[in-house]
Structure formats: structure tokens, C-alpha cells
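Novice: Quick one: this structure, given as C-alpha cells, is what I'll be asking you about.
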Amino acid sequence: MARLPYADLTHPEARPLVDRIVAERGSVLHLYQMLLHSPAVAGGWLNYLTSIRQLSTLPGDLRELVIMRVAAINGAPYEADQHAPIALKEGVSQAQLDALDAWENSALFSEREKAVLAYTDAMTRHVQVPEAVFQAARTAMGSEKLLVELTATVAAYNMVSRFLEALQVHSHDHR
Numbered sequence: 001m002a003r004l005p006y007a008d009l010t011h012p013e014a015r016p017l018v019d020r021i022v023a024e025r026g027s028v029l030h031l032y033q034m035l036l037h038s039p040a041v042a043g044g045w046l047n048y049l050t051s052i053r054q055l056s057t058l059p060g061d062l063r064e065l066v067i068m069r070v071a072a073i074n075g076a077p078y079e080a081d082q083h084a085p086i087a088l089k090e091g092v093s094q095a096q097l098d099a100l101d102a103w104e105n106s107a108l109f110s111e112r113e114k115a116v117l118a119y120t121d122a123m124t125r126h127v128q129v130p131e132a133v134f135q136a137a138r139t140a141m142g143s144e145k146l147l148v149e150l151t152a153t154v155a156a157y158n159m160v161s162r163f164l165e166a167l168q169v170h171s172h173d174h175r
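Quick look at the structure:
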């Protein structure tokens with residue numbers, strides 16, 4: 001059970017953002033219902049995550065591998081529950097999802113994917129990224145734009161998992 005009650009979606013201050021979230025995402029997920037205690041924060045969050053998920057040019061399969069790896073490292077089951085179906089839709093195989101904990105020794109991941117996962121691990125576990133890991137990710141991305149988008153994606157989903165876990169937001173919660 002979440003540490004705080006979920007926000008009232010009918011509150012007049014929340015209503016315009018609730019309508020936008022429903023229009024863009026189909027429903028108000030637990031994450032946004034918690035964020036809506038502060039409509040200003042929820043609005044900024046929605047803009048940022050929409051940029052990461054829908055406006056970035058980072059390939060969807062790499063984006064979702066990053067998100068699933070961050071969720072695994074941080075012990076964030078809600079994040080993983082929400083993104084596993086998206087990962088599969090973006091071309092990540094179930095076998096790859098199952099092998100994410102041991103990606104370094106798996107033949108299921110390309111060199112590009114391994115460079116992205118090493119970068120994700122370094123950012124998530126240690127914050128500072130060793131030069132060799134950075135250079136491998138830079139080569140794998142092939143452009144400064146993609147490297148910035150990769151970095152922002154890892155950072156954003158670390159933010160998501162930390163918010164979810166601090167407030168104990170989970171898929172099975174009643175709202």
C-alpha cells in the first residue's frame with residue numbers, strides 16, 4: 001500500500017492535468033495520481049517524461065532496455081510492470097528481459113545494447129561514469145544528440161523509480 005493516499009482526481013486544481021493525461025496516455029496511472037498532490041510538479045513531470053518517451057529519437061528498444069534495467073537495479077516493480085509490455089512492443093524479446101540481470105555474459109545482447117546497459121549500470125549504481133564506459137556508449141550512440149537522449153533517459157527513469165519506491169507506489173494498490 002502506498003505511503004500516502006492517492007490524490008483526488010476531481011479536485012479543480014488537478015482537473016485540467018487529469019484531462020490531459022487521459023487524452024495523452026489513456027488513463028491516470030498510479031504514478032500520476034500520486035504526483036497530482038502537486039499539479040505543478042505533475043505537469044512538469046509529464047512534460048519531461050513525454051519528451052523522453054515520445055519526442056526523443058533514441059530507438060524504442062534501447063529506451064525500454066534502459067528503463068527495464070533501471071527498474072531492476074533499483075528494485076522498482078511498478079516501473080517494470082508498466083514497461084515490460086512496452087519493451088516487448090518495441091522489439092525487446094522476452095528472453096532479453098529475462099536475461100537482463102546477467103546481460104554482461106549473455107549472447108542475447110548486441111555490442112551496442114551492452115554499451116548502453118553498461119552506461120545505464122554506471123549511472124544508476126555509481127552516478128559517475130568511467131571514461132571507458134562513456135566512450136563505448138558514445139561510439140554506440142553515434143551522435144551527441146543520441147548520447148544526451150540516452151543520458152536523460154537513464155536519469156529520468158532513475159527519478160521515476162526513486163519516487164515510486166520512496167512513496168511505495170505499486171500496481172496492486174487500490175486508488
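Just so we're aligned, residue 1 is where the sequence shown starts under full-length UniProt numbering, counting upward by one.
The beta-carbon is built from N, C-alpha and C at its ideal position, and this holds for glycine as well.
1) Answer yes or no: do residue 65 and residue 92 have a C-beta to C-beta separation smaller than 8 angstroms?
2) Residues in its own chain within less than 7 angstroms of residue 169 by CB, not counting five upstream and five downstream?
3) Identify whether residue 8 lies in helix, strand or coil by the three-state DSSP scheme.
4) For residue 74, I'd like the list of residues in its chain whose CB is within less than 6 angstroms of its CB, leaving aside the five on either flank, ordered along the chain.
5) Spatial neighbours of residue 109 within its chain, please: C-beta separation below 6 angstroms, excluding the five flanking residues on both sides.
6) Going by the CB atoms, is the gap between residue 28 and residue 9 shorter than 8 angstroms?
7) When DSSP labels each residue in this structure, what does residue 115 get in the three-state scheme?
8) Between the alpha carbons of residue 81 and residue 53, how many angstroms are there, rounded?
9) Which first and last residues belong to the alpha helix (DSSP H) in which residue 139 is found?
10) Can you list the alpha helix (DSSP H) stretches of 4 or more residues lying completely in the UniProt domain "Carboxymuconolactone decarboxylase-like" (39-121), in chain order?
11) Hey, residue 137 and residue 150 are a contact pair by Cβ (cut 8 angstroms); roughly how many whole angstroms apart?
12) Under a Cβ-count criterion, where at least 16 other Cβ atoms within 10 Å of its own Cβ denotes burial, should residue 124 be classed as buried or exposed?
13) Figure out for me which residue from 46, 14 and 86 has the closest Cα to the Cα of residue 156.
14) Flag this pair as yes or no: are the beta carbons of residue 76 and residue 165 separated by less than 8 angstroms?
15) Please determine, among 6, 147, 19 and 90, the residue with the shortest C-alpha to C-alpha distance to residue 116.
16) Just curious, the alpha helix (DSSP H) that residue 34 is in, first and last residue?
17) On the DSSP letters alone, give me the boundaries of the alpha helix (DSSP H) that residue 252 sits inside.
Specialist: Let's see:
1) Locating residue 65 in the sequence shown gives position 65, where the first residue counts as 1. Locating residue 92 in the sequence shown gives position 92, where the first residue counts as 1. Yes. Within cutoff.
2) As a first step, residue 169 must be located in the sequence shown, where it is residue number 169. Hits under 7 angstroms: 2, 30, 31, 34 and 78.
3) Numbered from 1 along the sequence shown, position 8 holds the residue referred to as residue 8. DSSP places residue 8 in coil when its eight states are reduced to three.
4) One-based indexing of the sequence shown puts residue 74 at position 74. Contacts found: 161.
5) Translated into positions along the sequence shown, residue 109 becomes position 109. So the list reads 103, once near-sequence residues are dropped.
6) To locate residue 9, count along the sequence shown from 1; it is residue 9. To locate residue 28, count along the sequence shown from 1; it is residue 28. In this structure, residue 28 lies closer than 8 angstroms to residue 9 by Cβ.
7) Translated into positions along the sequence shown, residue 115 becomes position 115. Of the three classes helix, strand and coil, the one that applies to residue 115 here is helix, per DSSP.
8) Working through the sequence shown from its first residue, we reach residue 81 at position 81. Working through the sequence shown from its first residue, we reach residue 53 at position 53. Answer to the nearest angstrom: the Cα atoms are 16 angstroms apart.
9) By 1-based counting over the sequence shown, the position of residue 139 is 139. Run containing residue 139: 131-141, per the alpha helix (DSSP H) assignment.
10) 39-50, 60-74, 77-89 and 94-99, all fully within the UniProt domain "Carboxymuconolactone decarboxylase-like" (39-121).
11) Position 137 of the sequence shown holds residue 137. Position 150 of the sequence shown holds residue 150. So it is a contact: roughly 7 angstroms between Cβ atoms.
12) As a working note, residue 124 is residue 124 in the sequence shown. When all chains shown are included, residue 124 counts as buried.
13) Taking the first residue of the sequence shown as position 1, residue 156 is located at position 156. Among 46, 14 and 86, the Cα nearest to that of residue 156 is on 46.
14) Looking up residue 76 in the sequence shown gives position 76. Looking up residue 165 in the sequence shown gives position 165. Yes, the Cβ-Cβ distance between residue 76 and residue 165 is below 8 angstroms.
15) Against the sequence shown, residue 116 aligns to sequence position 116. Answer by Cα proximity: 147.
16) Here residue 34 refers to the residue found at position 34 when the sequence shown is read from its first residue. Its alpha helix (DSSP H) spans residues 30-35.
17) A question about residue 252 goes unanswered here, because the residues of the chain that appear run from 1 up to 175.
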